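Data first, discussion second: the structure below is written as structure tokens.
Number of protein chains: 2
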Amino acid sequence: MKDRRNTMQRELTYEAVFSYPGHPSADDVYRVISSRYSTISKATVYRNLNSLYEDGRIGKVPSVFGYEAHYDHRTDHHCHAVCIKCGKVVDVDVQYDKDLFDNAVSMEEGFSLSSHDLIFEGTCRNCGNKEKGYGTEGIKD
Amino acid sequence: MKDRRNTMQRELTYEAVFSYPGHPSADDVYRVISSRYSTISKATVYRNLNSLYEDGRIGKVPSVFGYEAHYDHRTDHHCHAVCIKCGKVVDVDVQYDKDLFDNAVSMEEGFSLSSHDLIFEGTCRNCGNKEKGYGTEGIKD
DNA sequence: ACCTTATTGATAATAGATATCATTATGAAG
DNA sequence: CTTCATAATGATATCTATTATCAATAAGGT
Chain A
935 MKDRRNTMQR
945 ELTYEAVFSY
955 PGHPSADDVY
965 RVISSRYSTI
975 SKATVYRNLN
985 SLYEDGRIGK
995 VPSVFGYEAH
1005 YDHRTDHHCH
1015 AVCIKCGKVV
1025 DVDVQYDKDL
1035 FDNAVSMEEG
1045 FSLSSHDLIF
1055 EGTCRNCGNK
1065 EKGYGTEGIK
1075 D
Chain B
935 MKDRRNTMQR
945 ELTYEAVFSY
955 PGHPSADDVY
965 RVISSRYSTI
975 SKATVYRNLN
985 SLYEDGRIGK
995 VPSVFGYEAH
1005 YDHRTDHHCH
1015 AVCIKCGKVV
1025 DVDVQYDKDL
1035 FDNAVSMEEG
1045 FSLSSHDLIF
1055 EGTCRNCGNK
1065 EKGYGTEGIK
1075 D
């Protein structure tokens, strides 16, 4: 593993992800930390989220549909759903045969597959309610 | 369906996607059209790719891992692999039980799932060769 | 205490895509 | 054919998420 020094900033980043209810974006993490440690830079948060992910200490839900990436205190492989309206990420509980996909092959010669992601799309409660005109602007996730 | 007027630009966009070998990005499409119709604007290409997709005339492989979206002359639901080095998209032939996923539910109350994408990650021939130092800069996909 | 270098904070830069807006041109109606 | 409302265009500015740059700081082994 890469040589890392222990910094306050990285530990705060780790703790913020770990204690966040759900799947924080980099900006969510930044805002949480800022409240306690106001001089932290957003670049530092991005760097530390990446290094924590590299070290396997946190999970990462990569950016899809142009939305931000989200982070996860769970590090095991599981499925996520992304809200197509706002990019919110939630867990999905679905059992399937991973081996089937691990043995899939691409249709192009020379393209070697390494992994797969099963990503669900949908509408989160907040965005779904807005659509129906329930006037739920105030709902916080 | 939305009221659309027939324009040369939109038909050129459609033809470019349809005749492109593989999965062109918006920029790929733009470059193809530019060679014949040099005054077309990139904004127009983006707009037309979106409207053609809305109308179900072309397929769209959404942006993942921060890479550009790609377009597809196939409009049926099938799987893709994305090169984690360069973002290239290729088809993957894998059979699976779509119903299983269509019946999955999110772990958060109020989040309603509408569809899913099975996305593979890997390394395309070009990037894979580069890695091994085969000096294949010139390979064109 | 010293010194190498990982890390930081501030900021600029990047990529992909959308928003804006004055101008153009489509195509239905007269 | 003209007329005309408005969809579409081209040029450009703007946006968002993220990474790159770089001088200054600080971690931690010696």
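Protein chains in written order, with our numbering: chain A, 935 to 1075; chain B, 935 to 1075. Built from N, CA and C at the ideal position, the CB exists for glycine as well. Quick caveat: nothing in here was measured; it's all calculated off a predicted structure.
(1) At a Cβ threshold of 8 angstroms, is B/R1059 touching chain A?
(2) For a contact meaning CB atoms closer than 7 angstroms, what does B/I1053 contact in chain A?
(3) Give me the residue from B/A1015, B/Q1029, B/S1048, B/L1034 with the minimum Cα distance to B/G956.
(4) Tell me, please, whether the CB atom of B/S1040 is closer than 8 angstroms to any CB atom in chain A?
(5) Going by C-alpha to C-alpha distance, which of A/M1041, A/L1052, A/S1040 sits closest to A/Q1029?
(6) According to DSSP, is A/E945 part of a helix, a strand, or is it coil?
(7) Exposed or buried, what is B/Y971 when buried is set at 16 or more other beta-carbons lying within 10 Å of its beta-carbon?
(8) Provide the residue(s) that pair with B/L1047 in DSSP beta bridges, ordered along the chain.
(9) Would you mind reading off the limits of the alpha helix (DSSP H) that contains B/D1006?
(10) Spatial neighbours of A/V951 within its chain, please: C-beta separation below 8 angstroms, excluding the five flanking residues on both sides.
(11) Indicate, with yes or no, if the ligand SAH has a heavy atom lying under 7 angstroms from the CB of B/C1058.
(12) Mark A/T1070 as exposed unless 16 or more other C-beta atoms lie within 10 angstroms of its C-beta, in which case mark it buried.
(13) At a Cβ threshold of 8 angstroms, is B/K1074 touching chain A?
(14) Hey, would you say A/S997 sits closer than 8 angstroms to B/F1054, going by beta carbons?
(15) Whole angstroms are fine: how far does the CA of A/Y948 sit from the CA of B/K936?
(16) Looking only at DSSP bridge pairs, what is A/K994 linked to?
(17) Which chain B residues are close to A/A960, counting only those with a beta carbon under 8 angstroms from its beta carbon?
(18) May I ask which residues mark the beginning and end of the beta strand (DSSP E) holding A/D1025?
If we stick to the structure as given:
(1) By 1-based counting over the second sequence, the position of residue 1059 of chain B is 125. Cβ-Cβ to chain A under 8 angstroms: yes for B/R1059.
(2) In the second sequence, counting from the first residue as 1, residue 1053 of chain B sits at position 119. H1050, D1051, I1053, listed in chain order.
(3) Locating residue 956 of chain B in the second sequence gives position 22, where the first residue counts as 1. Comparing Cα positions, the closest option is B/A1015.
(4) Here residue 1040 of chain B refers to the residue found at position 106 of the second sequence. Yes - at least one Cβ of chain A is within 8 angstroms of the one on B/S1040.
(5) Counted from its first residue, the first sequence places residue 1029 of chain A at position 95. Comparing Cα-Cα distances from A/Q1029 to each of A/M1041, A/L1052, A/S1040, the minimum goes to A/L1052.
(6) Residue numbering aside, residue 945 of chain A sits at position 11 when the first sequence is read from its first letter. Helix at A/E945.
(7) For this step, residue 971 of chain B is matched to residue 37 along the second sequence. Label assigned to B/Y971: exposed.
(8) For this step, residue 1047 of chain B is matched to residue 113 along the second sequence. B/L1047 pairs with A/G1056.
(9) Taking the first residue of the second sequence as 1, we reach residue 1006 of chain B at position 72. Here B/D1006 belongs to no alpha helix (DSSP H); instead the beta strand (DSSP E) covers 1004 to 1006.
(10) Taking the first residue of the first sequence as position 1, residue 951 of chain A is located at position 17. Here the set comprises P958, V963, L983, L986, I992, Y1005, D1006, H1007.
(11) Because no ligand of any kind appears in the structure shown, any question about the ligand SAH cannot be addressed here.
(12) If you number the first sequence from 1, residue 1070 of chain A lands on position 136. Unreliable positioning characterises A/T1070 in this predicted model, as indicated by a pLDDT of 45, which lies under 50. The coordinate reading is nonetheless provided below. Looking at its Cβ environment, which holds fewer than 16 other Cβ atoms inside 10 Å, A/T1070 is exposed.
(13) To locate residue 1074 of chain B, count along the second sequence from 1; it is residue 140. Any answer about B/K1074 is weak, because its pLDDT of 44 lies below 50 and its placement is not dependable; what the coordinates show is given next. Not an interface residue.
(14) Counted from its first residue, the first sequence places residue 997 of chain A at position 63. Counted from its first residue, the second sequence places residue 1054 of chain B at position 120. No, Cβ-Cβ distance for A/S997 and B/F1054 is not below 8 angstroms.
(15) Stepping through the second sequence from its first residue, residue 936 of chain B is reached at position 2. Stepping through the first sequence from its first residue, residue 948 of chain A is reached at position 14. Cα to Cα, B/K936 sits roughly 48 angstroms from A/Y948.
(16) Translated into the one-based positions of the first sequence, residue 994 of chain A becomes position 60. According to DSSP, A/K994 bridges with A/Y1005.
(17) Here residue 960 of chain A refers to the residue found at position 26 of the first sequence. Within chain B, no residue comes near A/A960; the closest Cβ sits about 13 angstroms away, beyond 8 angstroms.
(18) Locating residue 1025 of chain A in the first sequence gives position 91, where the first residue counts as 1. Note, A/D1025: beta strand (DSSP E), 1023 to 1027.
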